[in-house]
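Quick note, the working numbering runs 1498 ahead of the 1-based positions in the sequence shown. Every residue, glycine too, gets a C-beta built ideally from N, C-alpha and C. Worksheet: one structure, shown below.
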Amino acid sequence: MYDGPAEVPVGAPRVQAVLAVLLLRARTSVSARELIAAVWGDEAPPGALGSLRTHVFTLRRLLEPGRAPRAAARTLLTTGDGYTLRVAPEDVDLTVFELRTAEALRDRAAGRAERARSLLVSALDLWRGGPLAGVPGPYADAQRTRLEELRLSAVEARWEAEIALGGHDNALGPLRALAAEHPWRERVHELLMTALHHAGRQADALDVHARVRRALAEELGTRPGPGLDRLQQKILTAGPGRRAGDATGLRAPVRSDGSARLPQDTADFTGRNDEADRLCTALESGRTVALSAVSGMGGIGKTALAVHVAHRMRHRFPDGQLYADLRGTDPRPAEPMEVLGRFLRVLGVRAGHLPALPGERAALYRSMLATRRVLVLLDNARDLAQVRDLLPGAPGSAVLLTSRSRLAGLTGATLVDLGPMAPAEALELLTRIVGERRVSAESEAAAEVLDACGRLPLALRIVASRLAARPDHTLAETATLLADERRRLGAFTAEDAAVETTFRLGMEPLDAEHARAFRLLALPEVPEVSVPAAAALLARPEREAEELCESLVDLSLLESVAPGRYRYHDLLRLFARQTAVAEVPDHERTAALTRLLEFALATALDAHRASLPDDLFPGNAAPPRSAGLVFTGPREATAWLLDEQSSLLGLVEQAAGDASLSLTVCSDLLLAADPLGRLGAQPYGIERAARTLAEAARAAGHRTAEARALYMLGGSVQHRFAMRLGAPVLDRAIELCRAAGDRTLLAHVLITRGGGALALRDFTTAHAMLTEALTHGRALASRGTEAYALGFLGLALLATGRAEEGLAHCHEAVAITRATGDVAGQANALHNLAQVCLWTGRTSETFDSLHESLRLWRQTGSRFREGLLLGAIAEAHNLSGRPAQAAEHAARARDIAEARGDAGILARALAQLGHAHRAQGDTDEAREHYRRAESVFRELGLPDADDVARHLRDL
1499 MYDGPAEVPV GAPRVQAVLA VLLLRARTSV SARELIAAVW GDEAPPGALG SLRTHVFTLR
1559 RLLEPGRAPR AAARTLLTTG DGYTLRVAPE DVDLTVFELR TAEALRDRAA GRAERARSLL
1619 VSALDLWRGG PLAGVPGPYA DAQRTRLEEL RLSAVEARWE AEIALGGHDN ALGPLRALAA
1679 EHPWRERVHE LLMTALHHAG RQADALDVHA RVRRALAEEL GTRPGPGLDR LQQKILTAGP
1739 GRRAGDATGL RAPVRSDGSA RLPQDTADFT GRNDEADRLC TALESGRTVA LSAVSGMGGI
1799 GKTALAVHVA HRMRHRFPDG QLYADLRGTD PRPAEPMEVL GRFLRVLGVR AGHLPALPGE
1859 RAALYRSMLA TRRVLVLLDN ARDLAQVRDL LPGAPGSAVL LTSRSRLAGL TGATLVDLGP
1919 MAPAEALELL TRIVGERRVS AESEAAAEVL DACGRLPLAL RIVASRLAAR PDHTLAETAT
1979 LLADERRRLG AFTAEDAAVE TTFRLGMEPL DAEHARAFRL LALPEVPEVS VPAAAALLAR
2039 PEREAEELCE SLVDLSLLES VAPGRYRYHD LLRLFARQTA VAEVPDHERT AALTRLLEFA
2099 LATALDAHRA SLPDDLFPGN AAPPRSAGLV FTGPREATAW LLDEQSSLLG LVEQAAGDAS
2159 LSLTVCSDLL LAADPLGRLG AQPYGIERAA RTLAEAARAA GHRTAEARAL YMLGGSVQHR
2219 FAMRLGAPVL DRAIELCRAA GDRTLLAHVL ITRGGGALAL RDFTTAHAML TEALTHGRAL
2279 ASRGTEAYAL GFLGLALLAT GRAEEGLAHC HEAVAITRAT GDVAGQANAL HNLAQVCLWT
2339 GRTSETFDSL HESLRLWRQT GSRFREGLLL GAIAEAHNLS GRPAQAAEHA ARARDIAEAR
2399 GDAGILARAL AQLGHAHRAQ GDTDEAREHY RRAESVFREL GLPDADDVAR HLRDL
């Protein structure tokens, strides 16, 4: 804050946070509740309102220092139950920045490049450091990302204008620095290529494309967007002599990559013209758009409007559309990490390359959208916290949001509160479905029907579909039925009763088979139901199950989100479940869910078989009681596991909490997700599901299910390198396996626990456990188990002074995996072999094994394992006296670990960077890397921290 040229200290961080909200929403009333949510979020103390008033008092003294004690405030006003900051637009730097930027873009579009450049330079001169630096609170966190994207977009536009004016030489240095700082921002690389081309450096321009293409493939498992590829082709065909003034002409338009993921538009969408036009106008400018319903009311038509608008605007977003149902009203709403993972996979990131931490995953998502024009539809959001990481930062993309409640704090959004349909719109919808002749013949009855439905689109559509299915029924009869039902439901509110009444009436046309399907399909707590899953639930052939689902879609009782996939409106799902509990016998509901669990298990077992063909499944040895899907290879199987992981884990949690369902089937289903963990694509939410199952099994005295759940829980914890936390969990699983005589699961648990003991340098425990695991693997004739035990046992033998035995074990592990064709197992065995070779002086075999392991892990798409191998290669180079090569590989491992959030791999990479810089005489760099490595190792509780501390003391 400035008073003329002098900076005015604002005070405490939370005072700054309140001022930031009021400034960014200047001239708009902000309620006290919104301010508390923006500044404190979910951590608001009981006295937050009093603290807010104190902060406002402090701000008023700063903003109007000469105001008399009892004089009315003129700048920071109390309005209703909140506050309004009355400041002129020109008094807020951000507003001035946005005005100048918008004017510059208009000038650029009109061909006034020099004026555009001047405006952009003056706009960027307003920036002083990072946006909202040091300001706390969820609102500031969200705004920081948005504001930084605004700044970067302006910087890109500034250098584009410079190039258009022939200043390509001036742009080269800043663009190179910008590209290094933002390696995944493709627009920066486009501008750098353009500047190099106009400087007559065609080869250098094409080299930029090659480096970006290679980095995207290696680091993210994806390829450049169409803009970069088309620019490369234009440079190749244009030749080196193209005029510098044609820089903007070199930028190719971006076209669709086929990433459309929208639900189908409603064929007879009716009304909401003003709201739709407002949203379309907002989307034209690429702003974030929020669509919310009045008073949290369901059935008002939020999703239908959003999908309709999205289809109308598809042409404005040529790089595709993304859709997610956030299930905000469900007991298990969609996790942002889960949605980000799905979006990134649609955008081309391979499963094994997905970052493991929410912040890193969100950053990658925003980077990939930064140079694309993508429309994101986020349906049924619970609150702002759920959607914050799903909002693109760059203005080229846009978001449509639907939510039961107004999302306070979504600055810059166009807010559309939907109420019931206007009478004329509601009548038009009824007419389009039922027919003009019938509605005109009973106009008074039609009006009664509209009133009874509360003019809610969902309720009205169900009643109209019922009338269309029964041409012999009159509107008057329907109005009477609705009135009678409403009287019976007098305890409900008017809105609830309208929906409940129409739901009951909507079921009347259903015969017994369709009514049964409507109720049973709502039982599983999963986001969507596929045709095969529906067939299992209903105990019907797939063709018949699909016909039943499509009939329910025709009656507006079910939604088709994609070919062969269905879901309920959340109110209809709740209603269907309630009627199922009331009208379907307990044993029939249990039987339906059991069939679904057994179908899911049979499919998951085949996915496990296809993913790990030579590894004995550690669960129930009995064949599944149901037929499932069959997979032809590991890629297809892994893709199914990734696509269905949310549903599988949801079923596990639901089954664990239902005493009527089998804990054995439930625990086997959890075990079937194991291949994802081995490939470094640990399912998000698996620890919660495993804990839920372990607690339920313990309470029921089901030791086998408890052991399986603890194995998956301990393995997931150790996957995060939290070995000390995982050890007691796995020890309990071992105890349970021994008591039950379960050798198959015991072998798996022993290998996992032995690997953790190696990391903790408890070599005696590691040797004992891995030796026993090997014995069990051989007795069970499980070649996969045998190979994993041999490889890790080789490391334990090396650590206990029996290097030659360890080497023989590792060679045997490699031989087994090569013979069985287990790519992931072979990569793991080669890594273990390389470790033994490294410490026994076999340098050539060390590097051969490491590079072959790296190649195989890249083949599987495991980013986690790739980072692990790059760190191991760095260690080998350091110990071989090649610090420069060590630093290169360690830096790549560090970048992968930071992008994914893999703390253990990060610490190892930092330690190797410290060794490399120390060997090259750069002690300052070495010290910084060592300090970071020691901090992470200490946090993980790993003994490596003491090693690094010694190196620090020796500097």
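Where residue i sits in the DSSP three-state scheme
| i | result |
| --- | --- |
| E2057 | strand |
| V2321 | helix |
| Q1884 | helix |
| T1819 | Reading the sequence as shown, one finds Gln at residue 1819 and not Thr. In this structure, Q1819 counts as strand in the three-state DSSP scheme. |
| G1894 | coil |
| D1877 | strand |
| S1549 | helix |
| T1779 | helix |
| G1580 | strand |
| V1528 | strand |
| V2150 | helix |
| D2445 | helix |
| S2351 | helix |
| S2028 | strand |
| S1620 | helix |
| S1901 | strand |
| E2437 | helix |
| Y2209 | helix |
| V1914 | strand |
| Y2066 | coil |
| L1789 | Note on L1789: pLDDT 41, under 50, position unreliable in the model; the coordinate value appears next. L1789 falls in the strand class under three-state DSSP. |
| A2450 | The sequence as given places Leu at residue 2450; Ala does not occur at that position. Helix. |
| L1574 | strand |
Residue i versus residue j: straight-line alpha-carbon distance, rounded
| i | j | result |
| --- | --- | --- |
| E2044 | R1870 | 37 Å |
| E1773 | L2159 | 47 Å |
| S2049 | P1634 | 52 Å |
| L1550 | L1803 | 37 Å |
| Y1821 | R2316 | 42 Å |
| H2131 | V1537 | Reading off the sequence, residue 2131 comes out as Gly, not His. For G2131 and V1537, the distance between alpha carbons rounds to 51 Å. |
| Q1884 | P1834 | 6 Å |
| R1711 | L1726 | 9 Å |
| A1515 | G2275 | 59 Å |
| A1780 | T1912 | 7 Å |
| G1698 | A2327 | 50 Å |
| C2454 | A2205 | Nothing in the structure corresponds to residue 2454, since the chain is present only between 1499 and 2453. |
| A1966 | C2047 | 18 Å |
| D1881 | S1901 | 8 Å |
| L1560 | E1601 | 33 Å |
| T1599 | A1659 | 12 Å |
| H2106 | D2400 | 25 Å |
| A1530 | Y1581 | 7 Å |
| E1647 | T1827 | 31 Å |
| E2023 | G1609 | 56 Å |
| G2419 | A2405 | 21 Å |
Anticipated Cβ contact below 8 Å, residue i with residue j, distance rounded
| i | j | result |
| --- | --- | --- |
| A1523 | R1584 | The sequence given here places Arg at residue 1523; Ala does not occur at that position. Actually they are not in contact, since the Cβ atoms of R1523 and R1584 sit about 12 Å apart, beyond 8 Å. |
| L2056 | I1960 | Rounded, the Cβ-Cβ distance is 11 Å, inconsistent with contact. |
| R1825 | G1839 | At roughly 16 Å, the Cβ-Cβ gap does not stay under 8 Å, so R1825 and G1839 are not in contact. |
| E2310 | L2288 | 5 Å |
| F2290 | G2252 | 6 Å |
- Using 8 Å as the threshold, is the region 2091 to 2098 in touch with the region 2135 to 2154, meaning 3 or more CB pairs across them? Contact annotation: the region 2091 to 2098 touches the region 2135 to 2154, with at least three C-beta pairs closer than 8 Å.
- Query: Does the pairing of the region 2081 to 2092 with the region 2100 to 2113 give three or more beta-carbon distances under 8 Å?
  - Reply: No contact exists between the region 2081 to 2092 and the region 2100 to 2113.
- Using 8 Å as the threshold, is the region 1947 to 1958 in touch with the region 1975 to 1982, meaning 3 or more CB pairs across them? Contact holds: three or more Cβ-Cβ distances are below 8 Å.
- the region 1681 to 1699 contacting the region 1623 to 1641, beta-carbon criterion three pairs below 8 Å: These segments do not touch.
- Message: Counting beta carbon pairs with one atom in the region 2327 to 2337 and one in the region 2361 to 2374, are three or more of them shorter than 8 Å?
- Response: Yes, the region 2361 to 2374 touches the region 2327 to 2337.
- Message: Pairs of beta-carbons, one from the region 2349 to 2358 and one from the region 2394 to 2414, closer than 8 Å: are there three or more?
- Response: Contact between the region 2349 to 2358 and the region 2394 to 2414 is not established, with fewer than three Cβ pairs separated by less than 8 Å.
- Task: May I have a chain-ordered list of the alpha helix (DSSP H) segments no shorter than 4 residues that lie completely inside the region 2098 to 2141?
- Result: Taking only runs of at least 4 residues, no alpha helix (DSSP H) segment lies wholly in the region 2098 to 2141.
- Query: Is it true that the region 1539 to 1553 meets the region 1586 to 1597, where meeting means three or more beta-carbon pairs spaced less than 8 Å apart?
  - Reply: Pairwise C-beta distances place the region 1539 to 1553 out of contact with the region 1586 to 1597, as fewer than three of them are shorter than 8 Å.
- On the three-pair Cβ rule with 8 Å, is the region 2206 to 2214 touching the region 2235 to 2252? In short, these stretches touch, since the Cβ pair count reaches three.
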